[in-house]
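Residue numbers (mature numbering (1 follows the signal peptide of the UniProt record, and there is no 0)): -35 to -1, 1 to 684.
We put the CB at the ideal spot given by N, CA and C, even for glycine.
As the structure is a computational prediction, the values presented were derived from the model and not from experiment.
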Amino acid sequence: MLFCMDVKRCLCASVLTRLPAVFLIALLAACGVHPDNTGVDADTRVSTGEHRPGLVISATGASIRIVFPHDARVCRIESRPVHAPPEDARSLYTGPVPREGLTVPRFEGAHDRLYHRFGIRLDDRRYESGVTDVSGLSTRQHPMPWPKPIKGVSCPVDIPDLAELGARHTHINIKLSGLLLRDSDPDPPAQWIRHEQGVRLRLDPEAVASLDQRVRALTDQGVNIVAVILNPCRGDGTRDNLWLHPATERDRGDVQYAAFNLHTHEAVARYAGLMNFLAGRYSSPGKEHGWIGGYIIGNEVDAHGIWHNMGPASEEQVAGHYINELRVAWLSVRRWHPDIPIFASLTHSWTQPSTTDPERCVAGRALLDRLVALSAAQGDFGWHVAHHPYPQDLTNPRFWMDDRTAFAYDTPLVTFRNIEVLAAYLRLPQNRYRDKPRRLILSEQGFQTEDNPDGENLQAAAYALSYERIRQIPGIDAYILHRHVDHRGEGGLRLGLWTALPEPAPASTPGRRKRIWHVFRAAGTESWYENIRFALPILDLASWQDAVVMTGPLPDRAPERGPTPTDPDRIIRLADQLDRAEVTNALDCHQRTWPRADGGVDQAIYLHPGAGSTKPARLRLRLKVPDEPRPELTFGLYLMAGNGDGVVYRVLNHDQLLFEKTVTDAQRSRHRVDLSSLRGRQIALTLEVDARETNVHDWAYWVNPSIRSHPEHSREDAG
């Protein structure tokens, strides 16, 4: 037994590598070390939070190669598809560590090990890793330069106008399932049928031709395209359902996009196959179809309940699934070209999520931290960040007054006012990829045009200050303003460089240039300061030298700030009573955070009428009206989409109608209901939302519904 202990403790790696494998295994077996546990005792430690230095998994067109740390002695290698549970892993090798590395075929039947996870047991620790080195994988090496100018605009409707504006970046939305034919469609010509890991993909020639036309036209104009890869949760039956995460809440009225299904071999093959198709078609050296310079996977994933739905999900579950979406996309694109980046999409909510429901929204920093940790633990790879630093109130362009922002890493929001916080955070050592900061683009953000005589000047001044600040911040590769032309269906927002013509013209038909158009055109040119001089008094700046950015170092925590402004006259906030409310006939009802124009935060109640119901969605609260002078119910109304047929809002006490209003567009409104006759009495206060002809797009909000007293002192903005 002493001999066995000495063997375990003292045989050095150089001796072990000279012994024949059969003899070594027999020798270790005599010491209680067996091939079935790879030399690891029963108390094996499983590493879930680190990646072993020196462990590299590389891929080529035909093989997977694993290079081991020089000090490792004994190993066991398994692999499993990304969708498979650990118990489905298949053994690839057990024995002494091969000093020249281990090479296995990349393909095994219908499976491509490029997308596998490798379970690697080295001595007394176990690791999981995906492929980390793709330097030998890409079939193309020609330059695909990213434009140095950062100026861009989204949703272009007039490409020659982009040339006049000097825009160098844009983003386009691509619905992956829309690139395929429906199940009921006949087969296309043979060149449109592809096979990915045994799965037959039937491309839609018309859909691809339409995308070709858009991409080629923008590329010919010198515009770099970033594609946003989306997964709408409503569509064309079976074709779309195969793409949806199994837990997607298809019937929730506010869900716009779903997470991608990666839970079966076919689902992974479809996702990987179409990402591979896009990367191959839009990176050709001859630019026959144009170029796509980068891919954003999903949209605003921290607000996953609406924009990347995978059912009620924890922060850990969201990050765990999203890192797989990013990795599969990264590997698929790298099959063609080494320089095309993959981006993760985040909102401006940094440490304060946009809703109070932890299963529908996570804080952006928390999600980013988990992605960094998972990527490092499972084999780091080159994903980057696409951020949306909208002002804290999307209807108020005065971002320099955003008081839910701070110049510290614990800031509630990251907006234009403090965007340098995110850039600095990505430069921290623990957040880097291969010792370099992950890239950062600002891929969607804009400024409201207020409906008053100064609205266009204010919008243009906001853009001037944002661009002047952003151009000073290192590490921001693109600033893509949203959007080119106003859109009537964008919830009442008017963010464009152009106005939109009224109906019956299509929703985003250019009308006339706003002042921001001229400021945008001047950005990055010698006439910049001449064109933005008008903005200084609007911004209360003496000169543009006052538009400085914080260069750091930045603190982890902001100095203690005062509480969020509250209304001292508020008596009862109905949103806080939601857990005891009676809710009937509602497709969905939940609470969400609502930013105020003064920088404070209120709570809104989302109440969506049920599908196929002839009865209104109803929320009833039994409560006592405070015995205070002049009590009243105050609330704001907001129909978010504005492109359905509208809803009817009602307030009742029992069956007595107190208020009724029909809303058909996305304009916000504020209202009061006098409750003086009910002072000190028990009531059954009911909020109703009634569909009209259809409940499609009936995304109805009651903003800050509250019972208050002393109306002569109360704030005017109830919503």
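Quick one: what does DSSP say residue i is sitting in, helix, strand or coil?
i: Arg478; result: strand
i: Asp6; result: At Asp6, the pLDDT of 30 sits below 50, so the modelled position is not reliable and the matter cannot be decided from this model.
i: Ala546; result: coil
i: Gln413; result: coil
i: Gln437; result: coil
i: Thr184; result: helix
i: Phe624; result: strand
i: Asp639; result: strand
i: Arg382; result: helix
i: residue 703; result: No information on residue 703 is available, as it lies outside the stretch -35 to 684 that the chain covers here.
i: Asp451; result: coil
i: Ala294; result: helix
i: Glu324; result: coil
i: Ile22; result: strand
i: Gly601; result: strand
i: residue 685; result: The structure shown does not extend to residue 685, since the chain is modelled only from -35 to 684, so the question has no answer here.
i: Glu658; result: coil
i: Phe372; result: coil
i: Glu667; result: For clarity, residue 667 is Trp in the given sequence; the question names Glu instead. Strand.
i: Tyr428; result: helix
i: residue 699; result: Residue 699 falls outside the range modelled here, since the chain spans only -35 to 684, and no answer is possible.
i: residue 688; result: Nothing in the structure corresponds to residue 688, since the chain is present only between -35 and 684.
i: Phe308; result: strand
For residue i, tell me which candidate among the options has the shortest Cα-Cα distance.
i: His48; options: Ser674, Ala234, Glu73, Leu127; result: Ala234
i: Glu290; options: Asn226, Pro318, Glu324; result: Asn226
i: Ser100; options: Trp301, Val173, Arg363; result: Trp301
i: Asp541; options: Asn550, Ala551, His555; result: His555
i: Ile262; options: Tyr444, Arg453, Leu239; result: Leu239
i: Met109; options: Arg215, Tyr287, Asp304, Val62; result: Asp304
i: Ile194; options: Pro153, Val293, Val118; result: Val293
i: Arg545; options: Gly517, Ser248, Arg587; result: Arg587
i: Ala429; options: Pro502, Val298, Thr360; result: Pro502
i: Pro475; options: Ala487, Leu543, Phe346, Leu462; result: Leu462
i: His619; options: His636, Val612, Ala351, Thr651; result: Thr651
i: Arg637; options: Val668, Asp592, Asn660; result: Val668
i: Cys40; options: Gly255, Arg17, Glu547, Ser23; result: Arg17
Considering only residues of the same chain and omitting the five flanking positions on each side of residue i, which have a CB-CB separation below 6 Å?
i: Gln647; result: Lys589
i: Thr68; result: Ser28, Arg30
i: Leu539; result: Pro670
i: Ala328; result: Thr316, Pro318
i: Lys580; result: Asn550
i: Ala223; result: Asn196, Cys198, Leu209, His210, Thr213, Asn274
i: Thr464; result: Asp451, Gly476, Arg477
Go through its chain and collect everything with a Cβ distance to residue i's Cβ below 8 Å, but skip five positions before and after it.
i: Glu658; result: Asp610
i: Leu523; result: Checking the displayed sequence, the identity of residue 523 turns out to be Ala instead of Leu. Counting only Cβ-Cβ distances below 8 Å, and skipping sequence neighbours, we find Ala371, Phe372, Ala373, Asp375, Thr376.
i: Glu421; result: Thr414, Lys479, Arg480, Ile481
i: Gln395; result: Val337
i: Pro70; result: Ala27, Ser28, Ile29, Arg78
i: Gln282; result: Met275
i: Ser641; result: Arg595, Pro596, Glu597
i: residue 768; result: The structure shown does not extend to residue 768, since the chain is modelled only from -35 through 684, so no value can be given for it.
i: Pro153; result: Leu146, Arg167, Leu168, Asp169, Pro170
Starting from residue i, follow its DSSP beta bridges and name the residues at the other end.
i: Asp345; result: Note: Asp345 sits in no beta bridge, so no partner.
i: Ile537; result: Ile672
i: Ser94; result: Phe83
i: His160; result: Arg165
i: Glu73; result: His76
i: Val191; result: His136, Gly259
i: Trp272; result: Partner(s): none; Trp272 has no beta bridge.
i: Glu43; result: Ser56, Gly84
Is any heavy atom in the ligand NAP found nearer than 7 Å to the beta carbon of residue i?
i: Leu20; result: Only the bare structure without any ligand can be found here, which leaves the ligand NAP out of the picture.
With a CB to CB cut of under 7 Å and the five nearest residues on each side skipped, what residues in its chain are close to residue i?
i: Ala37; result: Val62, Leu87, Asp88
i: Arg159; result: Leu166, Leu168, Gly238, Phe242
i: Arg382; result: Phe364, Trp365, Asp367, Thr370
i: Pro496; result: Checking the sequence shown, residue 496 turns out to be Asn, not Pro. So the list reads His483, Val484, Ala487, once near-sequence residues are dropped.
i: Val21; result: Val32, Thr97, Asp98
**Study point:** Inter-stretch contact (C-beta, 8 Å, three-pair minimum) for the stretch 187 to 199 and the stretch 166 to 173
**Key:** no
Practice item. Answer yes if the stretch 179 to 199 comes into contact with the stretch 613 to 633, meaning at least three C-beta pairs across the two stretches below 8 Å, and no otherwise. Key: no
Check your understanding: So does the stretch 505 to 522 actually touch the stretch 448 to 455, counting three or more Cβ pairs closer than 8 Å?
Key -> no
Check your understanding: Between the stretch 308 to 317 and the stretch 368 to 382, do three or more beta carbon pairs fall short of 8 Å?
Key -> With a cut-off of 8 Å, the stretch 368 to 382 and the stretch 308 to 317 count as touching, because enough Cβ pairs lie within range.
Check your understanding: Are the stretch 395 to 409 and the stretch 72 to 82 in contact at 8 Å, needing three or more beta carbon pairs?
Key -> no
Exercise for review: Flag this pair as touching only if the stretch 354 to 363 and the stretch 261 to 279 have three or more C-beta atom pairs under 8 Å; answer yes or no.
Suggested key: no
Review point. For the stretch 431 to 445 against the stretch 128 to 136, are there 3 or more C-beta pairs whose distance is under 8 Å?
Key: yes
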